[in-house]
Amino acid sequence: MNTPIEAGIEPIRHAVIVEADQSRTFGTFTKKLATWWPIDSFSMEPGKVRDVCLEEWVGGRIYEVLDDGRENDWGHILTWEPPRLVVFTWEVIEGPVFTEVELLFKELGPALTRVEMTHRGWENLAPLLSDAYLAHRSGWPLILGRLEAALRA
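The sequence shown begins at 1 in the UniProt record's numbering and counts up by one.
Laid out in structure tokens, this is it:
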């Protein structure tokens, strides 16, 4: 039987609509990651993360800062078009080949934004990583739900 990756897996897609304008939504995602990201369960070293940073330029890093000052890279910015689009590599899953996450922030109204997340490139990973795909497929709705809740607060 083929694993999902061997079968040519589709990108993971999830979207939420938040009650905030496009700039605020984009800024909350990029500038305030540590305030809403569930770092206790979705980080490289749960329980040790002090901050999550995103460098706002192509080539910039997304990384967690640990209590002891060490840093773990989550990825690197591939596309930076505030407040509409950010694309980054996802390096949480060991390389040498990484997946990519795209977040598109669509303005629906003065205080309404649709956040569309696409996590692609799974077909480039080894079949043994199908468990990582399944974990990410169930994790992204929780993560974007936290963003939605942070913007509601």
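Every residue, glycine too, gets a C-beta built ideally from N, C-alpha and C.
One or two residues paired with residue i in a DSSP bridge
i             : result
glycine 75    : Ile62
arginine 120  : Glu100
glutamate 107 : Thr113
alanine 15    : Glu116
glutamate 55  : Per DSSP, none; premise fails for glutamate 55.
Inter-residue Cα distance where the pair is residue i and residue j
i             : j                : result
arginine 152  : glutamate 19     : 6 Å
serine 41     : aspartate 51     : 14 Å
alanine 132   : glycine 47       : 20 Å
glutamate 100 : threonine 89     : 4 Å
alanine 150   : valine 16        : 13 Å
serine 23     : glutamate 56     : 14 Å
glutamate 148 : aspartate 67     : 27 Å
isoleucine 39 : phenylalanine 98 : 21 Å
Proximity to residue i [Cα-Cα], best of the options
i              : options                       : result
asparagine 72  : Thr79, Arg61, Glu81 and Leu78 : Arg61
asparagine 124 : Thr79, Glu94 and Pro38        : Glu94
leucine 144    : Ile77, Thr25 and Ile9         : Thr25
threonine 118  : Leu85, Arg70, Val49 and Glu81 : Leu85
Sequence-distant residues of the same chain with beta carbon closer than 8 Å to residue i, five excluded per side
i           : result
residue 223 : Only positions 1 to 153 of the chain appear in this structure, which leaves residue 223 out of reach.
CB contact below 8 Å: residue i versus chain D
i          : result
valine 101 : Looking at the structure shown, chain D is missing, and only one protein chain is on hand.
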